[in-house]
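> Residue numbers (the numbering used here): 10 to 387.
Glycine is no exception: its CB is placed at the ideal position from the N, C-alpha and C atoms.
In this text the structure is predicted, and so the values were computed from the model without any measurement.
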Amino acid sequence: MEKEKTMMQTQENRDKIIIRSSIIGILTNVFLAAFKAAVGILANSIAVILDAVNNLSDALSSIITIVGTKLAGKHPDKKHPLGYGRIEYLSAMIVSGIVLYAGITSLWESGKKIIHPELPDYSIVSLIIIAVAVLVKIILGKYVKAQGEKVNSRSLVASGSDALFDAILSFSVLACAVIFLLSGFSLEAYVGVVISAIIIKSGIEMMIETLDEILGVRADKEKTDRIKELLTEEEEVLGAYDLILYNYGPDKDLASVHLEVADTMTAREFDRLTRRLERKVFHETGIILAGVGLYSHNTGNDEAAEIQKFVHDKVMAHDWALQFHGFYVDIEKKEMTFDVVISFDIKAGEGIKMIHDELQKVYPDYQIEIAADVDITD
10 MEKEKTMMQT QENRDKIIIR SSIIGILTNV FLAAFKAAVG ILANSIAVIL DAVNNLSDAL
70 SSIITIVGTK LAGKHPDKKH PLGYGRIEYL SAMIVSGIVL YAGITSLWES GKKIIHPELP
130 DYSIVSLIII AVAVLVKIIL GKYVKAQGEK VNSRSLVASG SDALFDAILS FSVLACAVIF
190 LLSGFSLEAY VGVVISAIII KSGIEMMIET LDEILGVRAD KEKTDRIKEL LTEEEEVLGA
250 YDLILYNYGP DKDLASVHLE VADTMTAREF DRLTRRLERK VFHETGIILA GVGLYSHNTG
310 NDEAAEIQKF VHDKVMAHDW ALQFHGFYVD IEKKEMTFDV VISFDIKAGE GIKMIHDELQ
370 KVYPDYQIEI AADVDITD
C-alpha cells in the first residue's frame with residue numbers, strides 16, 4: 010500500500026510538470042506562429058512562413074504530449090494491470106513524426122524556392138519580430154527540455170529539442186534577411202535546405218531513440234549495479250544474478266533477480282530476507298522487486314567446493330562465457346546444476362553443448378544440467 014501511494018504521488022507530480030510545460034509551449038508557439046505568419050506574408054518570405062508553420066507543428070506536438078501524459082496516467086485495470094505508462098512512448102513517436110514531417114516539408118518548399126526564386130521584402134519591424142522569436146524559442150526550448158529530463162519524459166525532451174532547432178531556423182532566417190538588406194542577395198532558400206536537413210536528422214534520431222524504448226534496450230549499468238549492491242549488502246546474500254528490469258513507461262520499472270544463499274537457509278528465513286530487500290530496493294531506487302528466485306550454495310563440503318572451482322575455471326576459459334553462477338552439486342545423487350551467461354558472439358545452444366560435453370568427459374557419472382542466461386545486464 011505504501012509503495013502504491015508513493016508511486017501515485019510521484020506520478021501526479023510528474024504529470025503536472027509535463028502538462029504545465031506543454032501548455033506554456035502551446036501558448037508561446039501559437040503567438041509566435043501568428044506574428045511570423047504576418048511577417049512572412051508581408052515580406053513575401055517563404056522561410057518566415059515555413060517558420061510560422063513549424064511553430065504550429067510545435068504547438069500540436071505539445072497537445073499530443075498532454076494527451077499522451079493523460080492517457081499514460083490512467084490507473085491500472087483488469088485489462089492492463091501494470092498501467093498505461095507505455096503510451097508516452099507512442100506519443101513521443103508521434104511527436105518525432107511531426108518533427109520529421111516538418112523537416113521534409115521545409116526541404117520541399119525551400120527546394121521550390123531555389124528553382125523559382127522570389128525576392129523577399131523585409132522591414133525593420135519584421136527583423137525585430139524574428140529576433141525576439143529567436144530569443145523566445147531559445148528560452149522555451151531550454152525550459153521544456155530541462156523539464157523533460159527532470160521527469161524523464163521523452164515527449165517533452167523531443168519538444169524542447171525541436172524548439173531549440175526552431176531557434177536555429179529563425180536565426181538563420183534573420184541572418185539571411187540582414188545579408189539580403191546589405192547585399193541584395195537572397196540566401197534563405199539555400200539556408201532553408203540546410204536547416205531542413207538538420208531537422209530531418211533530429212526527427213529520425215528522436216524516432217530511433219523512442220523505438221529503442223518500445224523494443225526494450227539494455228538496462229542502465231549504473232542502475233543495475235546499484236540494485237546488486239543493495240542486494241549483496243545483506244550478509245545472507247552470497248550473490249545476485251540474472252537481474253532483469255521490466256519497463257512499463259517512464260519511471261515504471263519492475264525487476265526480477267536470483268539470489269544465491271546458503272543451502273541451510275529455511276523458507277521462512279528466505280521469505281523474511283526477500284521482503285526486507287523489496288522494501289530496501291524500492292526505497293533507494295523506486296524499482297519494484299517483483300520476483301526473487303533462489304540459488305542454493307553448497308556449504309560444509311570440501312569436495313563440492315573443489316568441483317565448483319574446477320567447473321568455474323573450465324566454463325570461464327571460454328571468451329563467450331561472461332558469468333558463471335547458481336552452482337550446486339549433489340555428490341550422493343551425482344547431480345550438478347549451474348547457469349552460464351553467454352554473450353551474443355555464439356548461439357546459446359552451441360555454447361551449452363560445448364560446455365556440457367567437456368564436463369561430461371570429466372564427470373561421466375553425473376547428470377549435468379546447464380541453463381543458458383541471456384546477456385541482459387552488465
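Is the stretch 46 to 54 touching the stretch 24 to 31 in the sense that three or more CB pairs, one from each, lie closer than 8 Å?
With a cut-off of 8 Å, the stretch 46 to 54 and the stretch 24 to 31 do not count as touching, because too few Cβ pairs lie within range.
> Are there 16 or more other CB atoms within 10 angstroms of the CB of R277, so buried, or fewer, so exposed?
What you label residue 277 is simply residue 268 of the sequence shown in a count that begins at 1. That one is exposed.
> Between the C-alpha atoms of I177 and E359, what's the straight-line distance to the nearest angstrom?
Here the question's residue 177 lines up with position 168 in the sequence shown. Here the question's residue 359 lines up with position 350 in the sequence shown. Straight-line Cα distance between these residues: approximately 53 Å.
> At what residues does the beta strand (DSSP E) containing A326 begin and finish?
Your numbering for residue 326 matches position 317 in the sequence shown. Unbroken run through A326: none, as it is neither H nor E.
> Spatial neighbours of A46 within its chain, please: CB distance less than 7 Å, with the 5 preceding and 5 following residues excluded, ordered by chain position.
For the purposes of this step, residue 46 is identified with residue 37 of the sequence shown, where counting begins at 1. For A46, where only same-chain residues beyond five positions count, the Cβ hits under 7 Å are I58, A61.
> Quick check: what's the CA-CA separation for T275 versus V338?
Position 266 of the sequence shown, counting from 1, holds the residue named residue 275. Position 329 of the sequence shown, counting from 1, holds the residue named residue 338. So the alpha carbons of these two residues sit roughly 19 Å apart.
> When you compare the CB positions of E191 and A140, do they come within less than 9 Å of one another, or not?
Position 182 of the sequence shown, counting from 1, holds the residue named residue 191. Position 131 of the sequence shown, counting from 1, holds the residue named residue 140. What sits at residue 191 in the sequence shown is Leu, not Glu. Their beta carbons are not under 9 Å apart, which means L191 does not touch A140 by this criterion.
> Can you tell me whether H321 is helix, strand or coil according to DSSP?
Numbered from 1 along the sequence shown, position 312 holds the residue referred to as residue 321. Three-state DSSP puts H321 in a helix.
> Of the residues Q332, S305, I385, which one's Cα is nearest the Cα of T346?
Taking the sequence shown and counting its residues from 1, one reaches residue 346 at position 337. If we check each option's Cα against that of T346, S305 comes out closest.
> Tell me the DSSP bridge mates of N256?
Along the sequence shown, read from residue 1 onward, the residue named residue 256 stands at position 247. N256 is bridged to D262.
> Can you give me the Cβ contacts of T386 inside the same chain, cut-off strictly under 6 Å, excluding the 5 residues immediately before and after it?
Here residue 386 corresponds to residue number 377 of the sequence shown, with the count starting at 1. Contacts found: A228, T233, L252.
> Mind checking P373: buried by the 16 CB within 10 Å criterion, or exposed?
For the purposes of this step, residue 373 is identified with residue 364 of the sequence shown, where counting begins at 1. That one is exposed.
> How about the stretch 149 to 167 and the stretch 95 to 102: do they share at least three Cβ pairs that are nearer than 8 Å?
With a cut-off of 8 Å, the stretch 95 to 102 and the stretch 149 to 167 count as touching, because enough Cβ pairs lie within range.
> What's the call for L224, buried or exposed, on a 16-neighbour Cβ count within 10 Å?
One-based indexing of the sequence shown puts residue 224 at position 215. The residue is exposed, with fewer than 16 neighbouring Cβ atoms inside 10 Å.
> Take the Cβ of F353 as the centre, count every other Cβ of all protein chains shown within 10 Å, and call the residue buried at 16 or more, exposed below.
As a first step, residue 353 must be located in the sequence shown, where it is residue number 344. Looking at its Cβ environment, which holds fewer than 16 other Cβ atoms inside 10 Å, F353 is exposed.
> Whose CA, out of K79, V104, L368, lies closest to the CA of S212?
Taking the first residue of the sequence shown as 1, we reach residue 212 at position 203. Looking at the sequence shown, residue 212 is not Ser but Gly. If we check each option's Cα against that of G212, V104 comes out closest.
> For the stretch 66 to 77 and the stretch 30 to 41, state whether three or more C-beta atom pairs, one from each stretch, are separated by less than 8 Å.
As far as the Cβ criterion goes, the stretch 66 to 77 touches the stretch 30 to 41, which means the pair count is three or higher.
> E89 lies in the alpha helix (DSSP H); which residues open and close that run?
Residue 89 sits at position 80 when you count from the first residue of the sequence shown. Correcting the residue type first, residue 89 is His in the shown sequence and not Glu. No alpha helix (DSSP H) holds H89; DSSP gives it neither H nor E.
> Using 8 Å as the threshold, is the stretch 205 to 221 in touch with the stretch 108 to 116, meaning 3 or more CB pairs across them?
With a cut-off of 8 Å, the stretch 108 to 116 and the stretch 205 to 221 count as touching, because enough Cβ pairs lie within range.
> For I378, name the three-state secondary structure that DSSP assigns.
Numbered from its first residue, the sequence shown carries residue 378 at position 369. Inspection of the sequence shows that residue 378 is occupied by Glu rather than by Ile. Strand at E378.
> Along the chain, where does the beta strand (DSSP E) containing T346 start, and where does it finish?
Numbered from its first residue, the sequence shown carries residue 346 at position 337. Residues 344 to 351.
> Leaving out the 5 sequence neighbours to the left and right, which residues in its chain are closer than 7 Å to A249 when beta-carbon positions are compared?
Numbered from 1 along the sequence shown, position 240 holds the residue referred to as residue 249. Contacts found: K237, L240, T241, V266, L268.
> Take L91 and list the residues in its own chain whose beta-carbon comes closer than 7 Å to its own, dropping the five residues that flank it on each side.
Start at 1 with the first residue of the sequence shown, and residue 91 comes out as number 82. Excluding sequence neighbours, L91 sits near P85, Y257.
> Would V153 pass as a contact of A172 if the rule is Cβ separation under 9 Å?
Looking up residue 153 in the sequence shown gives position 144. Looking up residue 172 in the sequence shown gives position 163. Closer than 9 Å, so yes.
> Note down, in chain order, each residue of its chain lying with its Cβ closer than 6 Å to the Cβ of I361, except the 5 sequence neighbours on either side.
Counting from one through the sequence shown, the residue named residue 361 turns up at place 352. So the list reads I379, A381, once near-sequence residues are dropped.
> Can you tell me the Cβ-Cβ gap for V349 and F333, rounded? I've got them flagged as a contact below 8 Å.
Residue 349 sits at position 340 when you count from the first residue of the sequence shown. Residue 333 sits at position 324 when you count from the first residue of the sequence shown. Indeed they touch by this definition, with Cβ atoms about 6 Å apart.
> In chain order, which alpha helix (DSSP H) runs of at least 4 residues are fully inside the stretch 70 to 140?
List check, alpha helix (DSSP H) in window: 96 to 124.
> Using C-beta distances below 8 Å, list every residue in its chain close to K230, excluding the 5 sequence neighbours before and after it, in chain order.
The count along the sequence shown starts at 1 and reaches residue 230 at position 221. Hits under 8 Å: T386, D387.
> In this structure, what does DSSP give as the bridge partners for F40?
Start at 1 with the first residue of the sequence shown, and residue 40 comes out as number 31. Note: F40 sits in no beta bridge, so no partner.
> Considering just the uninterrupted stretch of the alpha helix (DSSP H) at V182, what are its terminal residues?
For the purposes of this step, residue 182 is identified with residue 173 of the sequence shown, where counting begins at 1. From DSSP, the alpha helix (DSSP H) with V182 extends over 163 to 192.
> Rounded to the nearest angstrom, how far is the Cβ of K323 from that of L286, given a contact under 8 Å?
Reading the sequence shown from its first residue, position 314 is the one you call residue 323. Reading the sequence shown from its first residue, position 277 is the one you call residue 286. About 32 Å separates the two Cβ atoms, so there is no contact after all.
> Return the chain-ordered list of same chain residues with a C-beta closer than 7 Å to the C-beta of S179, the five sequence neighbours on each side being excluded.
Your numbering for residue 179 matches position 170 in the sequence shown. Here the set comprises D60, I139, A142, V143, K146.
> Assuming contact is defined by CB atoms lying nearer than 9 Å, are D260 and G295 in contact in what I supplied?
As a first step, residue 260 is located in the sequence shown; it is residue number 251 there, counting from the start. As a first step, residue 295 is located in the sequence shown; it is residue number 286 there, counting from the start. A contact, by the Cβ cut-off of 9 Å.
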